[in-house]
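Peer 1: Protein chains in written order, with this note's numbering: chain A, 1 to 88; chain B, 89 to 349.
Here it is, the structure, as structure tokens.
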Amino acid sequence: MYDFLINPPVRVALFLVVLILVFLLPWFVSIPVVVFFTLYLPSYFEVLFLGFLFDSLYAERFSFPYYGLTIAFVFISITLFVKDRIRT
Amino acid sequence: MSYLLKSKPKNTGRSKFIAVVLIYILLSLIGFLFGNSWRRVVWGVARPVWATGTFVWAPFASIKNYFSLKNDLIERNLSLEEQNATLLLKEADYDLVVKENENLKNELGRQFSGTKTISSILSKPPRSPYDTLVIDVGSADNITPGSKVYIGGNIIVGLVTNITPHTSLVNLFSSGGQKQDATISRTGATFTLTGNGGQNFKVEVPKDTDILWGDEFLYPGINHSIIASVYYIDTESQGSFKTIYLRVPINVFASDYVFVD
Chain A
1 MYDFLINPPV RVALFLVVLI LVFLLPWFVS IPVVVFFTLY LPSYFEVLFL
51 GFLFDSLYAE RFSFPYYGLT IAFVFISITL FVKDRIRT
Chain B
89 MSYLLKSKPK NTGRSKFIAV VLIYILLSLI GFLFGNSWRR VVWGVARPVW
139 ATGTFVWAPF ASIKNYFSLK NDLIERNLSL EEQNATLLLK EADYDLVVKE
189 NENLKNELGR QFSGTKTISS ILSKPPRSPY DTLVIDVGSA DNITPGSKVY
239 IGGNIIVGLV TNITPHTSLV NLFSSGGQKQ DATISRTGAT FTLTGNGGQN
289 FKVEVPKDTD ILWGDEFLYP GINHSIIASV YYIDTESQGS FKTIYLRVPI
339 NVFASDYVFV D
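If you want it as structure tokens, here you go:
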């Protein structure tokens, strides 16, 4: 399953699916899905774009610091840091 | 005996972190340099997706009604009939009061401007984690930042903050941490409401302040628009203040249309 998901075409398809989730579903559905993919898949940089997308679509204040983007940046940084140290 | 040199493991973590930082800087620059244009593109892409989602979901919206218990439905029906009877009595007085108000304003030289633009809501919570609405009118429809947004005629819910030619973002007064001055319709006293998110507000006042359950708080201005009404007063705390909890009288998140002034 993991090898299937890290396949580039599958990764692109997953990104499009998550994009649709962000547009259509409530945030308490789309955000856990994004969090799961960030933790499960390697180097899920798409989370930065998705955080930025949340700000672009819905944030009242679209100026620096972009809260969605910044939270995504901190989250993926921590994830990469931890993953780098627990994998053999 | 010779031993093979242990090769230094590649430090890929650092390069990934650098990539993350670069992407963060790139996206921040896009937002800083092309903020409004980027938003226009994103909303332009989102509009057909939202419209398709609404169209697909519409037939299934009433499915949850099939799971309602019969007794609950009977109880709800009786309560709604009682409410309806009360509202019909109030409606008879309402038209008279509105007419009297218009006449008074005309005598004082203030013209009543009743032109509002109807707009459908493209996106609303809980789709958005923020307390904002995206509506389908923009600068092409003479909407400007600061335009007031109403639901149900006289209930004001927020102000337009961002616009593109055909889409606007409405910041609700009930957004978490948002402050808004409001006047009690019964006494005329002014307080600053603090948004609690999800159409809720709260305000802390001294314990002897004259605020009652059901009191309506109005938006400042000559056109009396309701922001919220009191639904709970917390007097149990030991201090000298009480907390007033307010809510928008209508379910904003169940509405499909708003009126923009």
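The C-beta atom is built at its ideal place from N, Cα and C for all residues, glycine as well.
Taking the alpha-carbon positions, what's the Leu39/A to Ala59/A distance?
Peer 2: Each residue's Cα considered, the two are about 25 Å apart.
Peer 1: So Asn259/B and Gly246/B are in contact, right, with Cβ under 8 Å, and what is the actual spacing, rounded?
Peer 2: Contact flag correct, Cβ pair sits at about 5 Å.
Peer 1: Under the assumption that Val18/A contacts Phe37/A (Cβ atoms under 8 Å), give the Cβ distance between them as a whole number of angstroms.
Peer 2: Their Cβ separation, rounded to whole angstroms, is 7 Å, which keeps Val18/A and Phe37/A in contact under 8 Å.
Peer 1: In whole angstroms, give me the CA-to-CA distance for Thr297/B and Ile314/B.
Peer 2: Approximately 20 Å, taken between the alpha carbons.
Peer 1: I need the boundaries of the alpha helix (DSSP H) containing Asn124/B, first residue and last residue.
Peer 2: Unbroken alpha helix (DSSP H) run through Asn124/B: 123-145.
Peer 1: Taking only three categories from DSSP, how would you classify Tyr112/B?
Peer 2: Helix at Tyr112/B.
Peer 1: In the DSSP assignment, the beta strand (DSSP E) including Arg11/A goes from what residue to what residue?
Peer 2: Arg11/A -> not in any beta strand (DSSP E); alpha helix (DSSP H) instead, spanning 8-24.
Peer 1: Only counting the same chain, and skipping five residues up and downstream in sequence, which positions put a Cβ closer than 6 Å to that of Thr88/A?
Peer 2: For Thr88/A, the pLDDT reaches just 47, beneath the cut-off of 50, and the residue's location in the model is therefore unreliable, although a value from the coordinates is still provided. Counting only Cβ-Cβ distances below 6 Å, and skipping sequence neighbours, we find nothing.
Peer 1: Hey, how far is the Cα of Lys104/B from the Cα of Asp84/A?
Peer 2: Using only the alpha carbons, I get a separation of about 10 Å.
Peer 1: I'd like to know whether the C-beta of Thr232/B is nearer than 8 Å to at least one C-beta of chain A.
Peer 2: Output row for Thr232/B: interface = no.
Peer 1: Can you tell me whether Gln326/B is buried or exposed, with buried defined as 16 or more other CB within 10 angstroms of its CB?
Peer 2: Per the 10 Å Cβ criterion, exposed.
Peer 1: Please report the distance separating the alpha-carbon of Tyr307/B from that of Asn189/B.
Peer 2: Approximately 16 Å between the Cα atoms of the pair.
Peer 1: If you follow the beta strand (DSSP E) that Lys236/B is in, where does it begin and where does it stop?
Peer 2: Here the beta strand (DSSP E) through Lys236/B covers 236-239.
Peer 1: The alpha helix (DSSP H) that contains Tyr66/A, what's its start and end?
Peer 2: No alpha helix (DSSP H) contains Tyr66/A, which DSSP labels as neither H nor E.
Peer 1: Give the interface partners of Trp138/B over in chain A, defined as CB-CB distance under 9 Å, in chain order.
Peer 2: Going along chain A in sequence order, the residues near Trp138/B (Cβ under 9 Å) are Phe23, Leu24.
Peer 1: Who are the Cβ neighbours of Gly285/B in its own chain at under 7 Å, not counting the five residues just before and after it?
Peer 2: Contacts found: Asp219, Ser262, Ser263, Gly264.
Peer 1: Which residue comes first and which comes last in the alpha helix (DSSP H) that contains Ile31/A?
Peer 2: Looking at the DSSP string, the run of the alpha helix (DSSP H) that includes Ile31/A is 27-40.
Peer 1: Around the C-beta of Phe73/A, are 16 or more other C-beta atoms found within 10 angstroms, so that it is buried, or is it exposed?
Peer 2: Buried.
Peer 1: For Phe289/B, which residues does DSSP report across the bridge?
Peer 2: Per DSSP, Gly283/B, Leu334/B.
Peer 1: Give me the Cα-Cα distance between Glu163/B and Ile310/B, rounded to the nearest whole angstrom.
Peer 2: Distance between the alpha carbons of Glu163/B and Ile310/B: 40 Å.
Peer 1: How far does the alpha helix (DSSP H) with Val47/A in it reach, from first residue to last?
Peer 2: Start and end: 46-58.
Peer 1: Does the structure place the region 64-83 of chain A close enough to the region 249-256 of chain B that three or more beta carbon pairs sit under 8 Å?
Peer 2: The answer is no - the region 64-83 of chain A does not touch the region 249-256 of chain B, with fewer than three Cβ pairs under 8 Å.
Peer 1: Between Thr88/A and chain B, is there a C-beta pair that is closer than 8 Å?
Peer 2: Bear in mind that the predicted position of Thr88/A carries a pLDDT of just 47, short of 50, making it unreliable; the figure below should be weighed with that in mind. Closer than 8 Å: no.
Peer 1: Report the rounded CA-to-CA distance for Gly141/B versus Leu25/A, giving the unit in angstroms.
Peer 2: Answer to the nearest angstrom: the Cα atoms are 9 Å apart.
Peer 1: By the three-class DSSP mapping on this structure, what secondary structure does Asn311/B have?
Peer 2: Of the three classes helix, strand and coil, the one that applies to Asn311/B here is coil, per DSSP.
Peer 1: Three-state secondary structure (DSSP) at Tyr218/B?
Peer 2: Residue state, collapsed to three classes: coil.
Peer 1: From the DSSP output, read off the bridge partner residues of Asn84/B.
Peer 2: Because chain B spans 89 through 349 in this model, residue 84/B falls outside it and cannot be assessed.
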